[in-house]
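Colleague:
2 protein chains.
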Amino acid sequence: MVDNFHELALLGRLATGLRKTPDILLRLSPGVDPHTHSHVATGVLDSKFGFPLTTGQAEEALTKAMSTPGLKLTGLHFHLGSSLFEVEPYLQAIDLVLQFAAQMKQRHRFDLRELNVGGGFAVQYLLDSPAPSVSRYADAIVSALVEQTGELKLEQPRLVIEPGRSVVARAGTALYTIGASKDIPGLRRYVFVDGGMGDNIRPALYDSKYEAVVANKMGQPETDVVTIAGKFCESGDILVKDVRLPKPEAGDVLAMPTSGAYSIPMSSNYNASLRPAIAMVKEGKARLIRRRETYDDLTAHDSV
Amino acid sequence: MVDNFHELALLGRLATGLRKTPDILLRLSPGVDPHTHSHVATGVLDSKFGFPLTTGQAEEALTKAMSTPGLKLTGLHFHLGSSLFEVEPYLQAIDLVLQFAAQMKQRHRFDLRELNVGGGFAVQYLLDSPAPSVSRYADAIVSALVEQTGELKLEQPRLVIEPGRSVVARAGTALYTIGASKDIPGLRRYVFVDGGMGDNIRPALYDSKYEAVVANKMGQPETDVVTIAGKFCESGDILVKDVRLPKPEAGDVLAMPTSGAYSIPMSSNYNASLRPAIAMVKEGKARLIRRRETYDDLTAHDSV
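Respectively, the protein sequence lines represent chains G and F. Residue numbering for the first sequence follows this note's numbering, beginning at 59 and increasing consecutively. Residue numbering for the second sequence follows this note's numbering, beginning at 59 and increasing consecutively.
1. When burial is assigned at 16 or more other CB atoms within 10 Å of the CB, is G277 of chain G buried or exposed?
2. Can you list the residues of chain G that R246 of chain F reaches, using a CB-CB cut of under 8 Å?
3. Does the Cβ-Cβ distance between P92 of chain G and P147 of chain G come in under 8 Å?
4. Starting from the beta carbon of D360 of chain F, find every residue of chain G whose beta carbon is closer than 7 Å, and list them in chain order.
5. Can you give me the start and stop residues for the beta strand (DSSP E) that Y248 of chain G sits inside?
6. Return no unless some Cβ of chain F is closer than 8 Å to the Cβ of H135 of chain G.
7. Which of the three DSSP states, helix, strand or coil, is assigned to L233 of chain F?
8. So A344 of chain F contacts chain G; which residues on that side make the cut at Cβ distance below 9 Å?
9. Quick check on the DSSP output: the beta strand (DSSP E) that includes T132 of chain G runs from which residue to which?
10. Please list the segments of the alpha helix (DSSP H) lying wholly inside the stretch 139 to 194 of chain F, counting only runs of 4 or more residues, in order along the chain.
11. Which residues does DSSP list as the beta-bridge partners of K340 of chain F?
12. How would you label K106 of chain F, buried or exposed, when you count the other beta carbons within 10 angstroms and need 16 or more for buried?
13. Which one of G:F290, G:I336, G:R260 and G:V145 has the shortest CA to CA distance from H95 of chain G?
14. Determine whether the Cβ of V98 of chain F lies closer than 8 Å to any Cβ atom of chain G.
15. Would S321 of chain F pass as a contact of N258 of chain F if the rule is Cβ separation under 8 Å?
16. Using CA coordinates, which residue listed in G:A160, G:N174 and G:A123 is at the minimum distance from G70 of chain G?
17. Spatial neighbours of S266 of chain F within its chain, please: CB distance less than 6 Å, with the 5 preceding and 5 following residues excluded, ordered by chain position.
18. With S361 of chain F as the anchor, note down where its alpha helix (DSSP H) starts and where it stops.
19. Name, please, each residue of chain G whose Cβ falls closer than 7 Å to the Cβ of T74 of chain F.
20. DSSP on K122 of chain F, reduced to helix/strand/coil?
21. Among all the DSSP beta bridges, which residues are the ones paired with A67 of chain G?
22. Would you please verify whether the beta carbon of E292 of chain G is less than 8 Å from any beta carbon of chain F?
23. At a CB-CB cut-off below 9 Å, which residues of chain G make contact with E65 of chain F?
24. At least one CB of chain F closer than 8 Å to the CB of S325 of chain G: is that the case?
25. Would you say A116 of chain G reaches chain F, if we count a Cβ-Cβ gap shorter than 8 Å as a contact?
26. Using a C-beta to C-beta distance shorter than 7 Å, which residues of chain G count as neighbours of Y328 of chain F?
27. The stretch 256 to 275 of chain G: which residues have C-beta closer than 9 Å to a C-beta of chain F, in chain order?
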């Protein structure tokens, strides 16, 4: 996947030097608005990613790639962004990219053998925000691909998708222990947990929303509306705002579902906090697959 | 520093159990707007931090603390937030907290022996945004304290400050190597570096602004306006927008001053990136004080 001219030239030199001929795809920026958070909208025109389709750069990159000895251009790639709750942006992008491929076939005998439409399939974080099913994305993408290649008289390329979040997000649940509470009468009740933005920066970074439950009080009446605050030294360290729970008390276990994507990979040691352990659960049995950090770990690479 | 009733009770039990009598301060939330990013405004009424001064809770906490065997309440604390470019919020908060102390003296014979006004002194990140000098903060805070204690007929308490960022931020400069560039004609030129939101989340998280220079081209004419993009898989991974630099080229070293606070402590292994090395420089000599992470480090705690 080649993103820009610098990489293209660099890869060409490396391939020649190593006497290899790697298959490459070009990453295109199709200029499609994915209707998601601007931080994770990656396929718009003013993006750091990819060759913009609407300038002459995509064609220039394609001819350069085709004429670079040592590189074999087998296809095209785009990635629109993360958490796309609609399929329309995929359809728009497929349409644009296949039109480009047809033009390039005519002008440069380019043969689109692979089309990689990236990822971005949304998952359901909130009870009232269901995500499209995988089959909805698949049907829409495949139908568009079959229809458009037919119209444009292109061979059907191999279709590649890159789901990430939609595979792993629901596989993870974050567990916290509840500590203090703070009631500001008439305003808000904060309930503190022993984690926060250090292990899940998404609420602070993207205003991401999560559900939460009290794991040891499942099924009990949800009587209290509280805000789940982390232990970190910032007001922005709020995990969930105004969630209805059974009366949360110190020692209770708060569970946040759909924490399997981006929590641990983006976790930090902010405030000298220790990154959490990870346990794998299968058929009622739990196994530790990553141990919790220790204070010794925090200074393990220091030489002072 | 006791933040809430839960901590107060817990600390009381611990102290009694251990037969210790720790000195404690109460953290108050004075309800003062510090005019900073909402994520780091910590002393407002709707805050997870401290006993709100404007409710009866601060008085309740004070009487509880004074009557808890095993705890010795020696003073009060507030922390307004981070990066306060004005001194007025400190003056407002000192005024409010000393009035509270005077009331509590009258009603409960509370003796304010220590006043901790927290931190939040701003530093200059941008050439056109100078921060008040340390002496400006000190003069204002000390004058207010002397004047107000005089008016309220209070003994002058010991004054404690907690500067963090203002001590270390300017001691650190982040160094990146420049790689690819991407020009979107008429719109923007992106210049990529080998770091980004993994080692400095502040621009993405708080829209924090930094200056940048090309370290190996200091003094050369600043001919190019570019946007410094990180290597991470998000459009939000932009370190500096539209900065004027001498023509940046692959292999150049980009330096971002004032990176000594919050960059490394909030750094992550996002995208399986390795956290950077830290070198201490003194009188022209450099010494490695933290080594760069390795890929082995990333899986060191895994047991699968």
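Every residue, glycine too, gets a C-beta built ideally from N, C-alpha and C.
Modeller: Quick look at the numbers:
1. exposed
2. D104
3. yes
4. I347 and R348
5. R246 to V251
6. no
7. strand
8. The contacting residues do not exist; A344 of chain F stays about 13 Å from chain G at best.
9. Looking at the DSSP string, the run of the beta strand (DSSP E) that includes T132 of chain G is K130 to H135.
10. 146 to 166
11. F:K343
12. buried
13. G:R260
14. yes
15. yes
16. Looking only at G:A160, G:N174 and G:A123, the smallest Cα-Cα distance to G70 of chain G is reached by G:A123.
17. R260
18. Unbroken run through S361 of chain F: none, as it is neither H nor E.
19. None at all; the shortest Cβ gap to chain G is about 18 Å.
20. helix
21. According to DSSP, which records beta bridges pairwise, A67 of chain G is partnered with nothing at all.
22. yes
23. G237 and A238
24. yes
25. no
26. P323 and M324
27. G256, I259, A262, L263 and Y264
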